[in-house]
Amino acid sequence: MKEMEQRLQKEARALLEQGKVDYIIGFEPGSLKFTTTPLITKDKEDVERLVINPFIVNNLSVFLTELQGRVGIVVKGCDSRSIVSLIQDNKVVREDVVIIGIPCTGLIDLSKVELVTGKDRDELDDIAWQGDKITVRFDGEEKVFPTEEVLFDNCLGCECPTPQEYDILLGEPRPAAPNLTASRKNLEKLDGMSSEERWDFWKNEFSRCIRCYACRNVCPACFCKRCFVEESEPQWVLPVPRWQDNLIFQVIRNIHVAGRCTDCGECERACPVNIPLRSLSKRMYELVDELFQFKAGMDKDAVPLMTHYELEEAEDFIR
Amino acid sequence: MTTSQKIKKTDLGKLLNQWSQEFTVLVPWRENGLATWAKWNGTDTSFIDWYRNTVVPAKAHFLPSQEEMFRFQKDEKGYHIELPDADEHKQLIFGIRPCDARALTIVSPIFEELYEDPYYLAKRNNTLLVGLACTRPCDSCFCTSLGINPAESIDVDLMVTDIGDQFLIEGISEAGKELIAGASEVKEATEADEAKAKEIKEASYQKVTRKVDTDNIKEKLSVCFEDEEHWEKVADNCISCGICTLLCPTCFCFDINDELVKKQGTRFRSWDSCAFSIYTKMPMENPREEKWRRVRQKVCHKFEFHPMSYDIIACVGCGRCIRQCPVNWDITQVLNNLPAKV
Ligand code: SF4
Ligand code: SF4
Ligand code: SF4
Ligand code: SF4
């Protein structure tokens, strides 16, 4: 990863120096252990702070719609698909972005590390990655875990570790090796429930929602200037965090991102009250694939799923 | 002579059960990995081992994330308002941390000075706080910079400190002293117990390593208030969600909404955030349309404007806004790197 990081810094500097981009968006070390934070800069001296490690969690493409000018952006596989999807929706112009791709090995889910070690993240001394094992050091001990136990669910099922679209690739492309069983564990549980049990499950989960809208705001597919929850005439859903309204909010949000969601996992990761949002978004992702044989963000020239229809396939009410 | 008492850790359940006869007792609880508050279930004291602080602050039990204010109906004669029953239920929060207890002391005047808020005050006046000293502060905590010792509090009714296989209990308020006066499992503490607690308190203080320089912070913020370029830089990675404000124990903004079904309705209030672009859109416009203005507001309100009116900084260094932020935006870095030196 060190090599990749050096190459990234060099490429980013060159892009800024040659005036090919106005901004670089990447990751720099965060202020807490095992974190990174988005670095958005015009200054070529800042590129020395760019890092690549298993904690580069944010989907940076979410910043593209708010920046003016040309942008060099660091992406993982899933993030690149979000950019492609934004291009399909005319939200981003391909020529305005220089995509710097990372062939991604997956990211470490600190909540899982906490679970398997029984320690909080700030009590761990080190997390190191070797091949298919992750070594965690704490209290003077070392424990080794298979990556499968500590990677994010969505990373375990990743279909596209190499960015789908890029201008610069920082390493050799990586073949996809999705582990569906591991990645669908939470969904599997829900599949096995009766509809009453599922209803109770979601009622309980959504009772915790505080309507911080982090799930929406971290999501590159949620690009509406004004979200339907903010409309008061008509009022589709109350901005009051009652579980029923929370559930409706999330159901509608998932319909709105259908065909745009790339299973980047950011919504679930960002949720401060641990609502398993990916169990909805990933299910929608699967439904879109089953019903329309469509996967978001795979082809920038393909017509977007939800804003396009053919006359001959239209339902009567639409004609 | 000692002034404090103690109880065996294994007897804590009994004490909580005793209190449960009079109060709704809330204790730290984990739900799907989330540390939050829940009603004491009569048996589980395992939080003693894992609890550091809750993600959802105790303010949620005074200013809930959503609350029914009243119901109303309309007929030919006009509107009829039906107020909820007076809230007389007594609660006891066991395990509140010194930072969050201070936060309530900071927030309460907002709900009682200019205008008496019956919803908040009913809950506040019917609640006793039993503080639990922090012995494992998080790496995001910076309470000591705000004048708080993580293991001491004057903002609670009783203060409890873990001294090994016992808890040392100190009565802080009269109500707190009364609360343990009749408790059968409680014994007089020895001088050795008190010495041990003192040691633990000093050690805890040292464990908080994150610092903010609050000297002249009001003035520093005031000097760089107009520095648009600076605030743009500070705000650039923020995604304008509500996490840092809604989960902040000293943030108190709320929104009011009516739900109207035919001629009947309910008025709710719920948490609101100055980070939202839609904030105050209903009565007027949001004067802070650009993200950097909203981020600046959050910082300045806590460290400049609130101190101007109430003579106290509206931050207790609990670190939630750092721990929970999806982009690791860090208020301590912002405060320590202001361009103005005063
Ligand atoms: S819905 Fe969630 S998983 Fe899908 S693109 Fe948005 S943030 Fe990523
Ligand atoms: S991130 Fe979680 S708590 Fe926040 S609005 Fe979304 S579901 Fe609710
Ligand atoms: S939690 Fe972080 S991203 Fe969300 S509003 Fe606060 S600073 Fe911005
Ligand atoms: S501003 Fe942050 S650290 Fe200060 S009280 Fe609020 S959440 Fe805690």
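Going down the list, the protein sequences come from chains A and B. Take the position in the first sequence, starting the count at 1, then add 18; the result is the number in the working numbering. Take the position in the second sequence, starting the count at 1, then add 3; the result is the number in the working numbering. We treat Cβ as the ideally placed atom computed from N, Cα and C, and that holds for glycine. Predicted model, so just to flag it, every value in this text is computed and none were measured.
Discussion item. Short of 9 Å Cβ to Cβ, which residues in the stretch 44 to 62 of chain A face chain B?
Written reply: G48, S49, L50, K51, T53, T54, T55, P56, L57, I58, T59
Worksheet item: Just how far apart, CA to CA, sit B/S276 and B/F97?
Response: Taking the first residue of the second sequence as position 1, residue 276 of chain B is located at position 273. Taking the first residue of the second sequence as position 1, residue 97 of chain B is located at position 94. The straight-line gap from Cα to Cα measures roughly 28 Å.
Worksheet item: Going by alpha carbons, who is nearest to B/A317 out of B/V28, B/E205, B/C256, B/P329?
Response: Counting from 1 along the second sequence, the entry for residue 317 of chain B is found at position 314. Of B/V28, B/E205, B/C256, B/P329, the residue nearest in Cα terms is B/C256.
Practice prompt. Please state whether DSSP places B/F306 in a helix, a strand or coil.
Written response: The count along the second sequence starts at 1 and reaches residue 306 of chain B at position 303. Helix, per DSSP.
Fill in: Near-chain B residues of the stretch 211 to 233 of chain A (beta-carbon distance less than 9 Å), N- to C-terminal order
So the close ones are N222, E223, R226, C227, I228, R229, C230, Y231, A232, C233.
Discussion item. On the DSSP letters alone, give me the boundaries of the beta strand (DSSP E) that A/T55 sits inside.
Written reply: Taking the first residue of the first sequence as 1, we reach residue 55 of chain A at position 37. Residues 54 to 59.
Item to complete: Taking C-beta pairs closer than 7 Å, name the residues in chain A that B/R291 reaches, listed in chain order.
Response: Translated into positions along the second sequence, residue 291 of chain B becomes position 288. Simply none; closest approach about 15 Å.
Discussion item. Buried or exposed, going by whether 16 or more other CB atoms sit within 10 Å of the CB of A/N77?
Written reply: On the first sequence, residue 77 of chain A is found 59 positions in, with the first residue counted as 1. It counts as buried.
Practice prompt. Given a cut-off of 8 Å, decide if A/G95 and A/D171 are closer than it, judged by their beta-carbon atoms.
Written response: Locating residue 171 of chain A in the first sequence gives position 153, counting from the first residue. Locating residue 95 of chain A in the first sequence gives position 77, counting from the first residue. Cβ atoms of A/D171 and A/G95: not closer than 8 Å.
Fill in: Where the stretch 26 to 39 of chain B meets chain A: residues whose CB sits under 8 Å from a CB there
E34, N35, G36, L37, T39
Discussion item. Quick check: is any heavy atom of ligand 2 less than 7 Å from the C-beta of A/L295?
Written reply: In the first sequence, counting from the first residue as 1, residue 295 of chain A sits at position 277. Yes; taking the cut-off as 7 Å, the Cβ of A/L295 has a heavy atom of ligand 2 nearer than that.
Discussion item. Taking its Cβ as the centre, do 16 or more other Cβ atoms sit within 10 Å of B/P87, making it buried, or is it exposed?
Written reply: Start at 1 with the first residue of the second sequence, and residue 87 of chain B comes out as number 84. Classification of B/P87: exposed, given that the 10 Å Cβ count is below 16.
Worksheet item: On the premise that B/G36 lies in contact with A/N264, defined as a C-beta separation below 8 Å, what is that separation, rounded to the nearest angstrom?
Response: Locating residue 264 of chain A in the first sequence gives position 246, counting from the first residue. Locating residue 36 of chain B in the second sequence gives position 33, counting from the first residue. Their Cβ separation, rounded to whole angstroms, is 19 Å, which puts A/N264 and B/G36 out of contact at 8 Å.
Item to complete: Report the neighbours of B/G55 on chain A: residues whose CB is nearer than 8 Å to its CB, in chain order.
Response: The residue labelled residue 55 of chain B in the question sits at position 52 within the second sequence. Here residue 55 of chain B turns out to be Arg, not Gly, going by the sequence shown. In chain order: D138.
Discussion item. Just to confirm before moving on: does the CB-CB distance between B/W40 and B/P31 stay below 8 Å?
Written reply: In the second sequence, counting from the first residue as 1, residue 40 of chain B sits at position 37. In the second sequence, counting from the first residue as 1, residue 31 of chain B sits at position 28. In this structure, B/P31 lies closer than 8 Å to B/W40 by Cβ.
Worksheet item: By Cβ distance, which residues of its chain are closer than 7 Å to B/S225, with the 5 residues on each side in sequence left out?
Response: Taking the second sequence and counting its residues from 1, the one referred to as residue 225 of chain B is at position 222. The residues are E307.
Item to complete: Please look up how many angstroms separate the CB atoms of B/I172 and B/Q8, rounded, as I've assumed it's under 8 Å.
Response: Along the second sequence, one-based indexing puts residue 172 of chain B at 169. Along the second sequence, one-based indexing puts residue 8 of chain B at 5. Right, their Cβ atoms sit about 5 Å apart.
Worksheet item: Pick from B/L149, B/P121, B/S143, B/A106: whose alpha carbon is nearest that of A/D138?
Response: One-based indexing of the first sequence puts residue 138 of chain A at position 120. It is B/S143 whose Cα lies nearest to the Cα of A/D138.
Worksheet item: With C-beta atoms as the reference, is A/C237 less than 8 Å away from A/C285?
Response: Residue numbering aside, residue 237 of chain A sits at position 219 when the first sequence is read from its first letter. Residue numbering aside, residue 285 of chain A sits at position 267 when the first sequence is read from its first letter. Against a cut-off of 8 Å, the Cβ pair of A/C285 and A/C237 comes out as a contact.
Item to complete: Consult DSSP for A/K51 and reduce its assignment to one of helix, strand or coil.
Response: Here the question's residue 51 of chain A lines up with position 33 in the first sequence. Of the three classes helix, strand and coil, the one that applies to A/K51 here is coil, per DSSP.
Practice prompt. Write down every uninterrupted run of the alpha helix (DSSP H) in the stretch 174 to 252 of chain A whose length is 4 residues or greater and which is fully enclosed by it, in chain order.
Written response: 198 to 201, 203 to 209, 213 to 224, 232 to 235
Item to complete: Select from the stretch 99 to 123 of chain A all residues with a C-beta closer than 8 Å to any C-beta belonging to chain B, and list them in chain order.
Response: none
Practice prompt. List the residues of chain B whose Cβ lies closer than 9 Å to the Cβ of A/V236, in chain order.
Written response: For the purposes of this step, residue 236 of chain A is taken as the residue at position 218 of the first sequence. Residues of chain B passing the Cβ test: I242, C244, P329, V330.
Worksheet item: Thinking C-beta only, is A/I152 closer than 8 Å to A/I126?
Response: As a working mapping, residue 126 of chain A is identified with position 108 in the first sequence. As a working mapping, residue 152 of chain A is identified with position 134 in the first sequence. The answer is yes: Cβ separation under 8 Å.
Practice prompt. State yes or no: is the C-beta of B/A178 nearer than 7 Å to some heavy atom of ligand 1?
Written response: On the second sequence, position 175 is the one that residue 178 of chain B refers to. For ligand 1, not one heavy atom lies less than 7 Å from the Cβ of B/A178.
Worksheet item: Say the cut is 7 Å; is the CB of A/C233 nearer than that to a heavy atom of ligand 2?
Response: For the purposes of this step, residue 233 of chain A is taken as residue 215 along the first sequence, with counting starting at 1. Because some heavy atom of ligand 2 lies under 7 Å away, the Cβ of A/C233 counts as near it: yes.
Item to complete: Check distances from the C-beta atoms of the stretch 306 to 335 of chain B to those of chain A and list, in chain order, the residues that come in under 8 Å.
Response: I325, R326, Q327, P329, V330, N331, W332, D333, T335
Worksheet item: Since A/A232 contacts B/P329 with CB under 8 Å, what's their CB separation in whole angstroms?
Response: Here residue 232 of chain A is taken as the residue at index 214 of the first sequence, counted from 1. Here residue 329 of chain B is taken as the residue at index 326 of the second sequence, counted from 1. 5 Å between Cβ atoms; contact.
Worksheet item: By DSSP, does B/L135 sit in helix, in strand, or in coil?
Response: By 1-based counting over the second sequence, the position of residue 135 of chain B is 132. Correct three-state label for B/L135: strand.
Practice prompt. Count the C-beta pairs between the stretch 73 to 92 of chain B and the stretch 125 to 133 of chain B that are closer than 8 Å, then say yes if the count reaches three, no if not.
Written response: yes
Worksheet item: Within 8 Å (strictly less), CB to CB, does B/V58 reach chain A?
Response: As a working note, residue 58 of chain B is residue 55 in the second sequence. Closer than 8 Å to some Cβ of chain A, the Cβ of B/V58 qualifies, so yes.
Worksheet item: Excluding sequence positions up to five away, which residues of its chain have a Cβ less than 7 Å from the Cβ of B/A104?
Response: For the purposes of this step, residue 104 of chain B is taken as residue 101 along the second sequence, with counting starting at 1. Correct list, in chain order: L132, G134, S156, D158, V159.
Worksheet item: Cβ-heavy atom distance between B/I242 and ligand 3 below 7 Å?
Response: Position 239 of the second sequence, counting from 1, holds the residue named residue 242 of chain B. Yes, ligand 3 has a heavy atom inside 7 Å of this Cβ.
Worksheet item: Nearest CA to the CA of B/R270: which residue from B/S49, B/R33, B/G45, B/H83?
Response: Sequence index remark: in the second sequence, residue 270 of chain B carries index 267 (1-based). The shortest C-alpha separation from B/R270 is found at B/H83.
Worksheet item: Do A/L305 and A/Q268 have their C-beta atoms within less than 8 Å of each other?
Response: If you number the first sequence from 1, residue 305 of chain A lands on position 287. If you number the first sequence from 1, residue 268 of chain A lands on position 250. Contact: no.
Practice prompt. Assign A/D263 to one of three DSSP states: helix, strand, or coil.
Written response: Within the first sequence, the letter at position 245 stands for residue 263 of chain A. A/D263: helix per DSSP, three-state reduction.
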